[in-house]
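Take a look at the structure below.
There are 2 protein chains.
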Amino acid sequence: MRTLKYALLGLIDREPITGYDISKEFEKRIMANFWHAKHSQVYPELKRLLDEELISFELIIQGEKMEKKLYTITPKGHAEFVAWLLQDEPLGITPKDVFRLRTFFSDFMSVADFEKHLHSQLDKHNLKKGYLESSMSNYYEAVPKYGSKEFGDYAVLLGAIMREDSYIAWLKVCLDAVSHQD
Amino acid sequence: MRTLKYALLGLIDREPITGYDISKEFEKRIMANFWHAKHSQVYPELKRLLDEELISFELIIQGEKMEKKLYTITPKGHAEFVAWLLQDEPLGITPKDVFRLRTFFSDFMSVADFEKHLHSQLDKHNLKKGYLESSMSNYYEAVPKYGSKEFGDYAVLLGAIMREDSYIAWLKVCLDAVSHQD
DNA sequence: GTAAATCATGTCAATAGTTACATGTTATAT
DNA sequence: ATATAACATGTAACTATTGACATGATTTAC
């Protein structure tokens with residue numbers, strides 16, 4: 001389906017960006033909440049988009065001699081991106097989740113071991129939720145206006161927080177279910 | 001990380017099973033809520049587990065001549081599986097979600113197009129939630145006892161329903177946010 | 001009876017994604 | 001000054017996953 005292609009086109013369509021900054025977006029910024037790619041996947045894909053004439057770049061010299069490539073979308077690239085954006089796809093496979101896999105097989109663990117797992121997972125998701133909430137309060141005081149890129153940022157960040165809330169609630173229900181069985 | 005390996009070992013450890021039934025588990029049954037693999041990935045992995053002596057199989061003749069392989073776990077396989085099960089792994093990357101990607105780029109759509117997307121997505125997730133809830137009410141009247149495989153089934157099914165609830169709630173919040181901007 | 005759906009097991013080519021290798025620059029903290 | 005972190009861009013080998021190809025048996029619905 002080449003989804004990475006459209007993730008890159010969209011980012012470049014938002015504003016000209018380097019491969020390095022695209023990778024950062026996937027690894028640490030808001031996009032990391034719903035997409036991921038290593039730089040070793042990003043650079044070859046950028047080259048491919050260049051070949052397809054969906055993007056172009058301008059060489060920038062940073063400081064004395066360090067080169068960076070600032071990518072810009074072409075009209076053809078923008079057209080393909082918008083066409084993809086409007087498509088209505090079927091749901092697709094449910095995302096993989098190693099912790100749910102372990103939970104599915106929890107009958108092979110003692111109650112104590114499973115409770116330890118649940119607490120550890122709870123800690124990790126609480127921490128993640130904390131990070132997300134601090135991003136949220138730092139960047140948005142009100143709901144951004146629809147049509148600005150801030151609206152997209154806000155919507156997916158909210159979705160990420162709600163996802164963490166739900167995961168945390170599930171872990172607590174599991175803890176409850178096992179603790180009432182001792 | 002070879003997670004598929006452990007997913008297969010766990011299933012085979014629950015009770016002897018064929019490659020075909022493992023594939024069904026990934027495609028239509030409870031496991032589909034947190035893991036997935038096509039039969040073209042399952043059969044070669046089973047062969048590999050055989051080579052590693054973690055499983056063995058018995059040939060069964062169904063009807064007149066149709067052969068099927070019923071896989072059983074070996075003591076070595078069970079030991080490796082339980083060792084994996086007790087491991088505490090870091091959270092890992094957030095799952096990819098094409099709809100969130102589209103939402104992130106929603107400023108490239110009209111409000112009407114985005115609302116259409118949201119409604120379509122809402123329909124799909126409501127349908128999915130309905131399926132999950134009917135499985136839940138069909139199979140479990142009370143919380144199954146911890147230690148039975150039904151407990152694992154119940155816990156992940158509950159998690160899947162909660163995940164759908166949260167996704168639906170997020171979609172409604174998005175709808176609300178855009179509709180108050182017209 | 002026969003067509004369609006499901007059962008049952010595999011391979012192969014291609015795409016997607018990860019890990020490790022490889023190199024050099026610039027800014028920041030001590 | 002100098003070490004460390006961050007900036008910046010790539011390639012290569014490997015693992016994971018998908019989609020298409022391939023084949024045949026058995027059950028179920030009409």
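Heads up: the sequence lines are chains A and B, in that order.
When we follow the UniProt record's numbering, the leftmost residue of the first sequence carries the number 1, and every step to the right adds one.
When we follow the UniProt record's numbering, the leftmost residue of the second sequence carries the number 1, and every step to the right adds one.
Every residue gets a Cβ at the ideal spot worked out from N, C-alpha and C, and that includes glycine.
Where DSSP assigns a beta bridge to residue i, which residues make up the other side?
i        : result
A:Thr18  : Looking at the DSSP assignment, A:Thr18 forms no beta bridge with any residue, so it has no partner.
A:Ile61  : A:Glu67
A:Thr72  : A:Ser56
B:Ser148 : B:Tyr146
Flag this pair as yes or no: are the beta carbons of residue i and residue j separated by less than 9 Å?
i        : j        : result
B:Arg163 : A:Trp170 : yes
B:Phe57  : B:Lys69  : yes
B:Leu4   : B:Val42  : yes
B:Gly92  : A:Thr103 : no
A:Ser148 : B:Asp176 : no
A:Pro90  : B:Lys47  : no
A:Leu132 : A:Asn33  : yes
B:Tyr146 : A:Val173 : no
A:Glu67  : A:Leu59  : yes
B:Leu86  : A:Asp21  : no
A:Ile168 : A:Leu122 : yes
According to DSSP, simplified to helix, strand and coil, what is residue i?
i        : result
B:Thr94  : coil
B:Thr3   : helix
A:Ser23  : helix
B:Gln181 : coil
B:Met162 : helix
A:Met109 : coil
B:Gln121 : helix
A:Ala37  : coil
A:Lys28  : coil
A:Glu89  : coil
B:Glu141 : coil
Using the Cα positions of residue i and residue j, report the straight-line distance between them to the nearest angstrom.
i                      : j        : result
B:Arg100               : A:Val156 : 6 Å
B:Tyr71                : A:Asp165 : 39 Å
B:Tyr154               : B:Met136 : 7 Å
A:Ala37                : A:Glu27  : 8 Å
A:Val143               : A:His180 : 42 Å
B:Asn126               : B:Lys116 : 15 Å
A:Tyr140               : A:Ile12  : 23 Å
A:Phe105               : A:Val98  : 11 Å
A:Ser23                : A:Pro44  : 12 Å
A:Asp51                : A:Ser40  : 18 Å
residue 183 of chain A : B:Lys128 : In the structure as shown, chain A begins at 1 and stops at 182. Residue 183 of chain A is therefore absent and cannot be evaluated.
A:Met1                 : A:Pro75  : 21 Å
A:Met31                : B:Gln62  : 50 Å
B:Tyr6                 : B:Ser120 : 36 Å
A:Lys65                : A:Thr18  : 16 Å
A:His78                : A:Trp35  : 20 Å
B:Ile73                : B:Pro16  : 8 Å
A:Arg14                : B:Gly159 : 36 Å
B:Gly130               : B:Asn138 : 12 Å
A:Glu25                : A:Trp84  : 21 Å
B:Val111               : A:Lys96  : 32 Å
B:Glu150               : A:Met109 : 14 Å
A:Ser134               : B:Asp88  : 26 Å
A:Leu49                : B:Leu49  : 40 Å
Looking at residue i and the ligand COA, is the gap between the Cβ and the nearest heavy atom below 8 Å?
i        : result
A:Ser137 : The model depicted lacks the ligand COA and carries no ligand whatsoever.
Legend entry - chain A contacts from the region 63–97 of chain B (Cβ-Cβ distance under 8 Å): Phe81, Val82, Leu85, Leu86, Asp88, Glu89, Pro90, Leu91, Gly92, Ile93, Thr94, Pro95, Lys96, Asp97
Legend entry - Interfacial residues, the region 120–148 of chain B to chain A, with Cβ spacing under 8 Å: Ser120, Lys124, His125, Lys128, Val143, Lys145, Tyr146, Gly147, Ser148
Inset, instruction - Output, in sequence order along the chain, the residues in the region 149–161 of chain B whose CB is closer than 7 Å to any CB in chain A. - result: Lys149, Phe151, Gly152, Ala155, Val156, Leu158, Gly159
Inset, instruction - Would you list, in chain order, the members of the region 22–45 of chain B that have their beta-carbon closer than 8 Å to a beta-carbon of chain A? - result: Listed in sequence order: Ile30, Met31, Ala32, Asn33, Phe34, Trp35, His36.
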